[in-house]
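Residue numbers (our numbering): 453 to 690.
Ideal Cβ positions, reconstructed from N, Cα and C, are used throughout, including at glycine.
Just below is one structure, and these are the notes that go with it.
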């Protein structure tokens with residue numbers, strides 16, 4: 453009989469992999485995983501994160517500091533954003549040292565490679581779905597949320613998703629895959645009688661920090677993006 457044959461493991465093989473049976477029952481805890489913690493503390497490179505988060509979330513400095521508490525050093529671009537007071541505050545709070553990359557050398561920052569892939573996917577979705585350019589930021593947020601919740605062939609991730617690598621929790625991606633980006637959906641609008649309450653719009657991704665769960669961004673006929681707590685797909689008639 454050619455090929456591999458089914459057989460029982462030898463005693464040597466059982467003793468070699470016995471640690472798998474002992475540790476498989478315990479949930480992975482990033483705080484107790486010394487190897488992962490050492491690798492993250494050894495060299496953590498962030499790209500313009502200080503300027504970005506301080507501009508978007510000026511009232512959440514303490515929360516940002518808690519999330520980035522494991523960062524030991526940051527690599528930033530030589531950009532004017534890094535000179536902002538809030539950026540300096542956050543950078544000094546979460547990192548013990550800060551280095552600046554050389555001018556015109558984006559390859560020195562590993563975050564630039566991920567930004568390049570994000571831009572490629574954003575442009576592909578906008579071209580494939582026919583999304584107007586004015587909605588590029590919604591598409592960029594949609595792509596970044598999905599990429600942070602899917603695994604990539606990167607050695608540092610060890611087969612985990614980026615969010616799981618940082619927090620140790622398995623993320624749920626269902627909310628982002630319920631509809632296609634810019635897909636026609638029905639939504640309810642609390643209009644006055646006798647106006648039609650079920651209207652047609654375009655789906656622009658989940659709307660976090662707005663309303664209840666499963667709230668999403670929708671482009672109505674007026675073109676002004678709104679947030680609605682429910683959307684569904686029905687039979688569309690021409």
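For residue 655, which beta-bridge partners are listed by DSSP? Along the chain shown, read from residue 1 onward, the residue named residue 655 stands at position 203. In the DSSP output, where bridge partners are listed per residue, residue 655 has 670.
How far does the beta strand (DSSP E) with residue 590 in it reach, from first residue to last? For the purposes of this step, residue 590 is identified with residue 138 of the chain shown, where counting begins at 1. Looking at the DSSP string, residue 590 is not in any beta strand (DSSP E); the run it does join, the alpha helix (DSSP H), is 588-599.
Residue 613 versus residue 643: straight-line alpha-carbon distance, rounded: Taking the first residue of the chain shown as position 1, residue 613 is located at position 161. Taking the first residue of the chain shown as position 1, residue 643 is located at position 191. Separation of residue 613 and residue 643 (C-alpha to C-alpha, rounded to the nearest whole angstrom) is 42 Å.
By a C-beta neighbour count over all protein chains shown, 10 Å radius and 16 as the cutoff for buried, is residue 605 buried or exposed? Stepping through the chain shown from its first residue, residue 605 is reached at position 153. With fewer than 16 other Cβ atoms within 10 Å, it is exposed.
How would you label residue 529, buried or exposed, when you count the other beta carbons within 10 angstroms and need 16 or more for buried? Residue 529 sits at position 77 when you count from the first residue of the chain shown. When all chains shown are included, residue 529 counts as buried.
Environment of residue 684 [buried if 16+ CB atoms lie within 10 Å]: Taking the first residue of the chain shown as position 1, residue 684 is located at position 232. That one is exposed.
Applying the criterion that 16 or more other CB atoms from any shown protein chain within 10 Å of the CB defines a buried residue, is residue 555 buried or exposed? Taking the chain shown and counting its residues from 1, one reaches residue 555 at position 103. Looking at its Cβ environment, which holds fewer than 16 other Cβ atoms inside 10 Å, residue 555 is exposed.
What are the start and end residues of each continuous alpha helix (DSSP H) run of 4 or more residues lying completely inside the region 598-635, in chain order? 614-619, 626-629
Exposed or buried, residue 680, counting other C-beta atoms within 10 Å across all chains shown (16 or more means buried)? Indexing the chain shown from 1 puts residue 680 at position 228. Buried.
Based on DSSP bridge pairs, tell me the residues matched to residue 576. Sequence index remark: in the chain shown, residue 576 carries index 124 (1-based). Residue 576 is not bridged to any residue.
Do you know whose CA, among 629, 590, 575, 559, lies nearest residue 676's CA? As a position in the chain shown, residue 676 is number 224, starting the count at 1. Checked all of 629, 590, 575, 559; the closest Cα to residue 676 is 590.
Below 6 Å CB to CB, which residues in the same chain sit around residue 587 once its five sequence neighbours on both sides are set aside? The count along the chain shown starts at 1 and reaches residue 587 at position 135. Around residue 587: no qualifying Cβ.
Tell me which same chain residues have a C-beta within less than 8 Å of the C-beta of residue 654, skipping the five on either side of it? Here residue 654 refers to the residue found at position 202 of the chain shown. Result list for residue 654: 634, 635, 636, 637, 670, 671, in chain order.
Residue 581 classed as buried or exposed, judged by whether at least 16 other C-beta atoms fall within 10 angstroms: Position 129 of the chain shown, counting from 1, holds the residue named residue 581. Looking at its Cβ environment, which holds fewer than 16 other Cβ atoms inside 10 Å, residue 581 is exposed.
If you measure between the beta carbons of residue 561 and residue 527, is that distance less than 7 Å? Position 109 of the chain shown, counted from the start, is the residue given in the question as residue 561. Position 75 of the chain shown, counted from the start, is the residue given in the question as residue 527. Yes.
DSSP puts residue 650 in a beta bridge; with which residues? Start at 1 with the first residue of the chain shown, and residue 650 comes out as number 198. Partner(s): 640.
Look up residue 563 in the DSSP assignment and say whether it is helix, strand or coil. Residue mapping note: residue 563 aligns to position 111 of the chain shown, counting from 1. Helix.
Whose CA, out of 663, 571, 593, 641, lies closest to the CA of residue 674? Your numbering for residue 674 matches position 222 in the chain shown. Closest by alpha carbon: 641.
Have a look at the DSSP bridge pairing and note the partners of residue 683. In the chain shown, residue 683 corresponds to position 231, counting from 1. None; residue 683 has no bridge partner.
Going by other Cβ atoms of all chains shown within 10 Å of its Cβ, with 16 needed for buried, is residue 656 buried or exposed? Position 204 of the chain shown, counted from the start, is the residue given in the question as residue 656. Buried: at least 16 other Cβ atoms inside 10 Å.
Mind checking who residue 551 pairs with in its DSSP beta bridge? Locating residue 551 in the chain shown gives position 99, counting from the first residue. DSSP, once it has assigned bridges, lists 527 as partnering residue 551.
Identity of the residue in 628, 646, 650, 572 nearest residue 666 by Cα: As a position in the chain shown, residue 666 is number 214, starting the count at 1. Out of 628, 646, 650, 572, 628 has the C-alpha closest to the C-alpha of residue 666.
Can you check which of these residues, 618, 551, 596, is closest to residue 570 by C-alpha distance? Here residue 570 refers to the residue found at position 118 when the chain shown is read from its first residue. If we check each option's Cα against that of residue 570, 596 comes out closest.
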